[in-house]
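Right, one structure below, let's go through it.
Number of protein chains: 2
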Amino acid sequence: MEQLVKEEWDKFKELLFKIRGYYEAIGLLGWDLRTGAPRKGVEMRSATLGMLSAEAFKLQVSEEIGAFTEYFSRPEVMSQLSDNENKIVNDTRKEYIRSKSIPSKRFEEYSVLAAHAQTIWEEAKDNNDFASFEPYLTKIVEFKQEFIDYWGVEGSRYDTLLDMYEPDLTVAKVDDIFSRLRSRLVPLAEAISASPNKPDTEFLSQIFPKEQQEKFGLFLLEQMGYDFEAGRLDESVHPFATGLNPGDVRITTNYLLDNVTSSIFSSLHEGGHALYEQNFGEELIGTPLAQGASMGIHESQSRLWENMIGRSRAFWQRYYGDLQQHFPEQLANVEMEDFYRAINSVGNSFIRIEADELTYNLHIIVRYEIEKLIFNEGLEVKDLPKTWNAKYQEYLGITPPTDALGVLQDVHWSGGDFGYFASYSLGNMYAAQMLNTLRKELPEFEELIAAGNLLPIKEWLTDKIYRYGQSLTPSQIIEQVTGEPLNPDYLADYLEAKYTDLYKL
Amino acid sequence: MEQLVKEEWDKFKELLFKIRGYYEAIGLLGWDLRTGAPRKGVEMRSATLGMLSAEAFKLQVSEEIGAFTEYFSRPEVMSQLSDNENKIVNDTRKEYIRSKSIPSKRFEEYSVLAAHAQTIWEEAKDNNDFASFEPYLTKIVEFKQEFIDYWGVEGSRYDTLLDMYEPDLTVAKVDDIFSRLRSRLVPLAEAISASPNKPDTEFLSQIFPKEQQEKFGLFLLEQMGYDFEAGRLDESVHPFATGLNPGDVRITTNYLLDNVTSSIFSSLHEGGHALYEQNFGEELIGTPLAQGASMGIHESQSRLWENMIGRSRAFWQRYYGDLQQHFPEQLANVEMEDFYRAINSVGNSFIRIEADELTYNLHIIVRYEIEKLIFNEGLEVKDLPKTWNAKYQEYLGITPPTDALGVLQDVHWSGGDFGYFASYSLGNMYAAQMLNTLRKELPEFEELIAAGNLLPIKEWLTDKIYRYGQSLTPSQIIEQVTGEPLNPDYLADYLEAKYTDLYKL
Chain A
1 MEQLVKEEWD KFKELLFKIR GYYEAIGLLG WDLRTGAPRK GVEMRSATLG MLSAEAFKLQ
61 VSEEIGAFTE YFSRPEVMSQ LSDNENKIVN DTRKEYIRSK SIPSKRFEEY SVLAAHAQTI
121 WEEAKDNNDF ASFEPYLTKI VEFKQEFIDY WGVEGSRYDT LLDMYEPDLT VAKVDDIFSR
181 LRSRLVPLAE AISASPNKPD TEFLSQIFPK EQQEKFGLFL LEQMGYDFEA GRLDESVHPF
241 ATGLNPGDVR ITTNYLLDNV TSSIFSSLHE GGHALYEQNF GEELIGTPLA QGASMGIHES
301 QSRLWENMIG RSRAFWQRYY GDLQQHFPEQ LANVEMEDFY RAINSVGNSF IRIEADELTY
361 NLHIIVRYEI EKLIFNEGLE VKDLPKTWNA KYQEYLGITP PTDALGVLQD VHWSGGDFGY
421 FASYSLGNMY AAQMLNTLRK ELPEFEELIA AGNLLPIKEW LTDKIYRYGQ SLTPSQIIEQ
481 VTGEPLNPDY LADYLEAKYT DLYKL
Chain B
506 MEQLVKEEWD KFKELLFKIR GYYEAIGLLG WDLRTGAPRK GVEMRSATLG MLSAEAFKLQ
566 VSEEIGAFTE YFSRPEVMSQ LSDNENKIVN DTRKEYIRSK SIPSKRFEEY SVLAAHAQTI
626 WEEAKDNNDF ASFEPYLTKI VEFKQEFIDY WGVEGSRYDT LLDMYEPDLT VAKVDDIFSR
686 LRSRLVPLAE AISASPNKPD TEFLSQIFPK EQQEKFGLFL LEQMGYDFEA GRLDESVHPF
746 ATGLNPGDVR ITTNYLLDNV TSSIFSSLHE GGHALYEQNF GEELIGTPLA QGASMGIHES
806 QSRLWENMIG RSRAFWQRYY GDLQQHFPEQ LANVEMEDFY RAINSVGNSF IRIEADELTY
866 NLHIIVRYEI EKLIFNEGLE VKDLPKTWNA KYQEYLGITP PTDALGVLQD VHWSGGDFGY
926 FASYSLGNMY AAQMLNTLRK ELPEFEELIA AGNLLPIKEW LTDKIYRYGQ SLTPSQIIEQ
986 VTGEPLNPDY LADYLEAKYT DLYKL
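So the sequence lines, in the order shown, correspond to chains A and B. Here my numbering is used: position 466 in the first sequence is 466, and no number is missing along the way. Numbers in my numbering are just positions in the second sequence, counted from 1, shifted up by 505.
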C-alpha cells in the first residue's frame, strides 16, 4: 500500500472504529434497559439513546464517509487493498448511499412514527384491537414504499427490503426455495398430525424452580464453549444476545416456572448467536467485519445449537441425567426417550415463537408471502387480518380465533422491519445444509455429542464460519462450507428423517 | 426574556442536555465495568469510554459553548436570566475555559489510560504488587502535572487540583482547617487510647452470610427513603454511588463475610449520596445544576447518614432487633449497647474505608499531605509506598505490612482523582455543622431516629440541601443552612461529646 493510501486508510479505520464505539455504548444502554434499569430513569435514558443513535447516524452519512469510500473505490486505490479492506469499503459505501438517499427530515418523521407505533402495537395486541394499529401500520408501509423509491428497485420492490437483511438473495430465489420447502413440509406435517404416536408432553408443565433452571442453563453454556470471561448471562422478558464487542457478548434468558424447556432452548439459541460473535477472527476485531455475515447466517448458528444439537437424541443421551439431577422431583420418573420426544412434539400452533422446528417454517412463509403481497401487489393494511387468517388456514390448517393470536403477534412490522422474517427460515436451511457437511467432515459427530464433547464442534464452526464474520457474503459462506448454494432439501431431509423416526411414520 | 434571548437559551439548553447524555452513557459504561463487565471486553470498552469522553469533552470546549457563554455573560443578556440560569452560564464557562486549555488529543490519551489503569490497579491490589501499577500511576501523575500547567496556577500547583472538587477552598484555608481539627482530634484520640473502657469488638468478626447482609442492607436503604424505582444496589470491589440521571441513581456495596458492619455502613454511606441525587429540584433536572454542590457537600450527605445517624445510639435502639433477627446465631447474646460501642470503637487501622469516625480524618490528612508533596514538592510515584508508610507511622502510630493494606488501598489515584481526598474530611465537618442546625430545627431528631421515622429527616435535608443541587456554591449552602462559614469546631465538638460518653473519658 502506498504511504498516502495507508494514511488515508488509518484515518478511515479510526472513523469506523468511532462509529463502532457509539454502537457499543448504544448496545450497553439497550442491554441495561432490558435487564434491570430502574423504571424512573427510562424516559431520560431513552432520550440519551436517541441522541447517541442520531450521532452515530450522522457519522455514517457524513461527507467524510462519502469521501473516504469514494476514494477507496477508485480502481488504482482499490487494487492496493486486501479483500477484507475492499469488503469494508463496499459495505460502508452501500450503507452510506442507502442512508444518504433518504431526506433526513423524512427519516426523522419515520423514526418518530416507528417509535410511537411500537407502543400502539403493544396496546393493540393487549386489547386484540387491530383497528387501532391499522392507521399506524398503513403510514409505516407508506414510508417504506417511499423509501424503496429512494433506495431504488432492482427486480421487484420487495427485493429492495429483502436485500437489507440477506444480501445476494432475491424474491425470485426465495420464492423458489420456499415453495420447494413448503411442498415437502406440508405433507410431513400432515403425516405427523395423522400419526397415532403422539408424545406425552404433560410432564413439561410442572413447576421447575428458577434457581435450578439457571444452574442448568449455565452448565449447558459452559459445555458448548460459551466463554464467560467474554460474556455474561442475565434475565430479560424476551431473550436476546448482544455483542458489545468481541470480548463482551452477552446473552439473556427468561425463566418460566411452568416451562423448563423455554429457558434451556433460549440459552442454547442465544448461546449459538454468542459463540459466533465471540469467535470472530483476530484480524476483524474493531472493524465493521466483526459482525455476522447476515441475519440468516447469524440465525443459522443459533438454530444449529438450539435444534440440530440441542434437540437431538444424542444430546439428551449425555445431558438428561444432569437435567434429572437438577430436577429430581419433576423428572425422576420420566425416561430420556420420553423427554426427547416431548421436546420435539409437533403441533399446529398460532404463535410463531412457540412453534416447533418443523411448522416454524410455515409461520415464516406466511409472513414472507404477506410482505410480498404488500410491497409487490399493493395488498392494503386493512386487509391483513383476513389474508393472515386465510394463509394460516391454508398452510397450518388453523384459523387464529383473534388478531392477538394472529396478525398482531409480532413486534417486527410495528418497527418497520419488513424483509426480516425470511431470515429465520433461511437460518434453518443454512443450518441443515451446514450440518450435512459437518456430519461428513466430523463423522463422529453424534458420538461427540453423546459424550458431551462439544468443543470439536465449536472448533469446526469457528474454522468454517465464525472466524470469517462479515468478511464473506452469506452465499460465499454457504458455498465455501458446503460446496453448493443454499438448497432447501437439506432442511427437508433432516426434518423428514428426524420426524419419521420420532412419530414412527 | 426577549424572544431572541429565549431562542438562544433553548439552543444552549439543548446542547447542554446533549453533553449530559454523553455523561449518562459514560456513567453507565463505568458502572458496568465495575459491577460485572466480562474481563475480555475491558480493553475495547476502555477505548469506547475514551472515545465518548473525548466527544463530550469536544462539545464542552466547542466554539458553540464558547459563543453561548460569552453571549449570556453580556450584562444586558445576563440581566434577563434567572439566578439558576446565570449559575449554569458561569459554571459552564469556567469548565469551558478550564477544558479548552487541554489539547483534545492529550485528553483522549489520558482518558484511555485512566480507564485502563483502574483495571490494573484492581489486579495490583489483589496481588499486593505496587510495581505493576507504578508505571501507570507515574503516567497519570505526569498527565496531571501537564494539565495543571494548562489550567494555570494560582497559589500553589495543588490548589489547582483542589479547586476542581471544592471551589472556594484553597490549600491555605484547608491547611488551617486541618490543623485546627488535628489539634483537637489528636488529644482526643490519645485520651481514648489511654481509656481502660475499651469496647469488645470480637463478635463483629464472626461469619455473617452474604445473603443476610444483602437483605439487611436493602431494608436499611428502604428505611432511609432510597427509591428503588430510581436506583438499584449491586456489588463492586469498592462501593460507589453513580447518578446516571435523577431517575437512575445506582449504588454498590461490597460484602465481607467476616465483617458485617462494612456492608451496612457502606450502604448507608452510598445511600446518603444517592438520596441527594434522587431529590434534586424538578427545575434542575436535565440541566448541569442537577448534581451535588461540590464533592465536600456530597460527602457531607453520605457521612451524615453513615455516621451521625447510622452510628448513633438512637439508630440502633430502633434497628438492632432487626439486625439480631437477620443474624440470630451471631448476635442473639450481644446487647445493643455493646454493639453500639463496638461499631464506634476507635483504633488505628490500615484501611481508610474501615476507619472509625475519628481517626478517619487522620487517614485523609495523610493523603492530602502526600498529594501536596507530589504536586508541590515533586515527590515521585516510586517513593509513594515509603512515604505512605512513614506518614502512617507518624499520624496513626502504625506501619502497613503490605502495600495492599497501604498505598494500594484506594481507587482514586488510578482514575486520576487527585485533590479529591480532602473532600471526605470537609464532608465530615460540613455534616457536623449541619447536624448542629438540624438538631435545633428538628428538636425531636433523636426520638424520630429511635422510632425508625427517618423520613422527616430526609425531608429536612431535601428542603435545606438536596433540592438545590449545584444551584448554590458550597459556601452558600453551609451559610444558608447554618448561618456561618465552615467551622471545624462542630466536628470536634460532636466527636468529643460522642467519645467522652462512649469511652467514659
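Here a beta-carbon is modelled for each residue, glycine too, at the ideal position from N, C-alpha and C.
Identified DSSP bridge partners for residue i
{"i": "residue 756(B)", "result": "738(B) and 746(B)"}
Test item: CB-CB of residue i and residue j under 9 Å
{"i": "residue 975(B)", "j": "residue 797(B)", "result": "yes"}
{"i": "residue 168(A)", "j": "residue 474(A)", "result": "yes"}
{"i": "residue 300(A)", "j": "residue 431(A)", "result": "yes"}
{"i": "residue 576(A)", "j": "residue 263(A)", "result": "Outside the shown range of chain A (1 to 505) lies residue 576(A), about which nothing can therefore be said."}
{"i": "residue 92(A)", "j": "residue 275(A)", "result": "no"}
{"i": "residue 504(A)", "j": "residue 195(A)", "result": "yes"}
{"i": "residue 278(A)", "j": "residue 468(A)", "result": "no"}
{"i": "residue 927(B)", "j": "residue 999(B)", "result": "no"}
Outcome for residue i when other beta-carbon atoms lying within 10 angstroms are tallied against a minimum of 16
{"i": "residue 245(A)", "result": "buried"}
{"i": "residue 885(B)", "result": "exposed"}
{"i": "residue 109(A)", "result": "exposed"}
{"i": "residue 606(B)", "result": "exposed"}
{"i": "residue 273(A)", "result": "buried"}
{"i": "residue 211(A)", "result": "exposed"}
{"i": "residue 419(A)", "result": "buried"}
{"i": "residue 958(B)", "result": "exposed"}
{"i": "residue 48(A)", "result": "buried"}
{"i": "residue 183(A)", "result": "exposed"}
{"i": "residue 746(B)", "result": "buried"}
Three-state class that DSSP yields for residue i in the structure shown
{"i": "residue 220(A)", "result": "helix"}
{"i": "residue 81(A)", "result": "coil"}
{"i": "residue 256(A)", "result": "strand"}
{"i": "residue 506(B)", "result": "coil"}
{"i": "residue 511(B)", "result": "helix"}
{"i": "residue 785(B)", "result": "coil"}
{"i": "residue 335(A)", "result": "coil"}
{"i": "residue 385(A)", "result": "helix"}
{"i": "residue 470(A)", "result": "coil"}
{"i": "residue 91(A)", "result": "helix"}
{"i": "residue 717(B)", "result": "helix"}
{"i": "residue 357(A)", "result": "coil"}
{"i": "residue 50(A)", "result": "helix"}
{"i": "residue 302(A)", "result": "helix"}
{"i": "residue 642(B)", "result": "helix"}
{"i": "residue 691(B)", "result": "helix"}
{"i": "residue 456(A)", "result": "helix"}
{"i": "residue 55(A)", "result": "helix"}
Partners in chain B for residue i, counting only beta-carbon separations shorter than 9 Å
{"i": "residue 224(A)", "result": "Here the premise fails: no neighbours, minimum Cβ distance about 17 Å."}
{"i": "residue 135(A)", "result": "In chain order: nothing, as chain B lies at least about 31 Å away."}
{"i": "residue 169(A)", "result": "Going along chain B, no residue has its Cβ under 9 Å from residue 169(A), so there is no contact; the nearest lies around 32 Å."}
Interface residues of chain B facing residue i [CB-CB closer than 8 Å]
{"i": "residue 18(A)", "result": "556"}
Partners in chain A for residue i, counting only beta-carbon separations shorter than 9 Å
{"i": "residue 746(B)", "result": "Going along chain A, no residue has its Cβ under 9 Å from residue 746(B), so there is no contact; the nearest lies around 13 Å."}
{"i": "residue 933(B)", "result": "Going along chain A, no residue has its Cβ under 9 Å from residue 933(B), so there is no contact; the nearest lies around 30 Å."}
{"i": "residue 752(B)", "result": "38, 39, 40, 41, 42, 43, 44 and 45"}
{"i": "residue 1010(B)", "result": "The contacting residues do not exist; residue 1010(B) stays about 46 Å from chain A at best."}
Proximal residues of chain A, C-beta to C-beta of residue i below 7 Å
{"i": "residue 553(B)", "result": "21, 24 and 25"}
{"i": "residue 734(B)", "result": "38, 39 and 40"}
{"i": "residue 537(B)", "result": "28"}
{"i": "residue 1026(B)", "result": "In this structure chain B extends from 506 to 1010, so residue 1026(B) is not present and cannot be described."}
{"i": "residue 737(B)", "result": "36 and 38"}
Under 7 Å by beta carbon: chain B residues contacting residue i
{"i": "residue 389(A)", "result": "Correct list: empty, because the minimum Cβ distance to chain B is about 41 Å."}
{"i": "residue 15(A)", "result": "Within chain B, no residue comes near residue 15(A); the closest Cβ sits about 11 Å away, beyond 7 Å."}
{"i": "residue 29(A)", "result": "530 and 533"}
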